[in-house]
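All remarks here apply to the structure that follows.
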Amino acid sequence: MKTQVCIIGAGPAGLLLGHLLRAEGIDCIVLERRAPEYVLSRIRAGVLERITVSLMERLGLDARLKTEGLPHDGFNLADGQRLIRIDVAGLTGKHVVVYGQTELTRDLMDAREERGLEVVYEAADVELHDIDGDAPWVDYTHGGTRHRVDARFIVGCDGFHGPSRKAILPRGKEYSREYPFGWLGVLADVPPCNHELIYSHHDRGFALASMRSATRSRYYIDVPLTERVEDWPDERFWDELTTRLPDEAAARVVRGPALEKSIAPLRSYVFAPMGHGSLLLCGDAAHIVPPTGAKGLNLATSDVHYAADALTAFFKAGDAGAVAGYSARALSRVWKAERFSWSLTRLMHRFPEDGSFERAMQVAELDYIASSRAAQTSIAENYVGLPV
Ligand code: RFL
Ligand code: PHB
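Put into structure tokens, the structure is as follows:
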């Protein structure tokens, strides 16, 4: 088949881009390796910035987000027993919305038919060809048959392990840092221990109290990369979590069976440039942030915003410069989110190589944040999302 844009990957980035292009009357097709139920079973992000909410609004797909999303005006950093509240709304005039990535993906998936967005699920062995020129093509296997898609552009929204990033690896540079721990996450149908998120630094390690709704909690603790999920039966998880949270919050933790439990390794990664020839990269295909700043999904949506703008300018106004400028525009925001996520990770976790001096530096920084409106404003404006 022939189309204008072939999108690889139907995670939030791929689906959102597909809908934005269809809204402009641009032809596209999305190829996804997994089945829809599998995509929805991945429990990931929970905090949406303004850019993500506004793209859903622009598409008119925000009905559920508006009624079920929880606006949050602030969050907390904890150091031992001390709770430092970052008054995001008071300091920036904006707020974030707690709404699961699964729900956002479901909203985008459910609107496929109505909006005429074609998604091929279970597309196996996707391969990219001729990305250097202006007639790239993709082939894939579906239902036992090999299919070919000819396009003017390919957009790789296929995450860190997909084929798109690999296709341009020799054409750019990787910037990477791996952390010596992962986040062990538990989702449970119990009311959250606090009405706002708590990122907690404790001598035993990091903990995060988050939520999906008034009756569903999401908690994380950091664990060495050598740990496996099987090492953490529910009771052990709840014991460790409540040790690491400030006593007042720990006392309000309601325990329950884990609906999902997984370990996600932490990594900072950028591939630059975020495009080459007729291939653009969006989201995790181009960059990874540690989850500490809640930036991954939101960066994916800001990339998509820039990519949709550039492709619309190309197809509607013949502006090739917009596509050429995509990488620089996107990267300028990506690097700032990388910096924020890295610095919050550094501040809130215990690194195996840290000694008493590094620990004292963390305490001093948290102490400074607690006493400085300027420091709190800086954290708040990064957390709520830098301008697009
Ligand atoms: P996704 O969601 O990984 O989607 C990529 C899609 O591409 C498909 N794919 C392929 N399709 C075709 N052919 C192939 N060969 C393919 N290979 C892969 C995959 O099946 C998949 O459907 O990437 P996308 O769309 O760029 O979205 C990025 C986000 O998913 C990610 O950045 C966030 O989840 C990160 N993240 C968080 N981000 C936030 O903004 N706020 C948060 O609170 C937050 N918390 C988190 C997180 C990520 C976590 N994990 C598990 C890494 C918490 C965790 C624990
Ligand atoms: C989540 O609720 O899954 C979540 C919230 C904030 C983060 C990371 C994950 O920084």
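So the sequence shown is numbered by this note's numbering: it starts at 1 and just counts up by one. All C-beta atoms in this analysis are idealised placements derived from N, C-alpha and C, irrespective of residue type, glycine included.
According to the DSSP assignment, residue 211 belongs to the beta strand (DSSP E) that extends over 205 to 213.
By the 16-neighbour rule on beta-carbons within 10 angstroms, residue 284 is buried.
When rounded, the separation of the alpha-carbon atoms in residue 196 and residue 87 is 11 angstroms.
Burial check for residue 145: the Cβ neighbour count within 10 Å stays below 16, so the residue is exposed. The criterion of a C-beta distance shorter than 8 angstroms is satisfied by residue 43 and residue 260. For the ligand PHB, residues qualifying as neighbours are 46, 47, 210, 218, 291, 294, where qualification means a beta carbon closer than 5 angstroms to at least one of its heavy atoms (chain order). Rounded to whole angstroms, residue 198 and residue 73 show a C-alpha spacing of 13 angstroms. Our two residues, residue 204 and residue 375, have alpha carbons roughly 26 angstroms apart in a direct line. Contact check for residue 200 and residue 266: beta-carbon distance about 16 angstroms, past the 8 angstroms limit, so the pair fails to qualify.
Between residue 116 and the set 301, 289, 381, 19, the nearest pair of CA atoms involves 19.
Within 7 angstroms of the C-beta of residue 131 there is not a single heavy atom belonging to the ligand RFL. Per DSSP, the unbroken beta strand (DSSP E) holding residue 82 starts and ends at 82 to 86. Beta-bridge annotation (DSSP): residue 268 is paired with 177. When secondary structure is reduced to three states using DSSP, residue 355 falls in the coil class, being assigned neither helix nor strand. Taken through DSSP and simplified to helix, strand or coil, residue 295 comes out as coil. Excluding the 5 residues flanking it on each side, residue 243 has same chain C-beta neighbours closer than 8 angstroms at 202, 204, 250, in chain order. In the structure shown, residue 305 falls within a helical segment according to DSSP collapsed to helix, strand and coil. Residue pairing for residue 383: DSSP places it in no beta bridge. Looking at the DSSP output, residue 2 shares a beta bridge with 150. Shortest gap from the CB of residue 37 to any heavy atom of the ligand RFL: 7 angstroms or more. By the neighbour-count definition (other C-beta atoms within 10 Å, threshold 16), residue 349 is a buried residue. In this structure, residue 383 and residue 293 form a Cβ contact; the two beta carbons are roughly 7 angstroms apart against a cut-off of 8 angstroms. Here residue 46 has 98, 99, 100, 101, 210, 211, 212, 218, 294 as same chain residues with Cβ atoms under 8 angstroms from its own Cβ, once five neighbours each way along the sequence are excluded.
Counting the other CB atoms within 10 Å of its CB gives residue 32 a total of 16 or more, which places it among the buried residues. The DSSP-derived three-state label of residue 125 is strand. Taking the Cβ of residue 12 as the reference point, at least one heavy atom of the ligand RFL falls within a distance shorter than 7 angstroms. Contact annotation: the stretch 5 to 13 touches the stretch 271 to 285, with at least three C-beta pairs closer than 8 angstroms. Shortest gap from the CB of residue 157 to any heavy atom of the ligand RFL: under 7 angstroms. Per DSSP, the beta bridge partners of residue 47 are 98. Beta-bridge annotation (DSSP): residue 156 is paired with 8, 281. A distance below 8 angstroms separates the beta carbons of residue 151 and residue 3.
By the neighbour-count criterion, in which a residue is buried when 16 or more other Cβ atoms sit within 10 angstroms of its Cβ, residue 124 is exposed. Annotation: the continuous beta strand (DSSP E) that includes residue 78 extends over 75 to 79.
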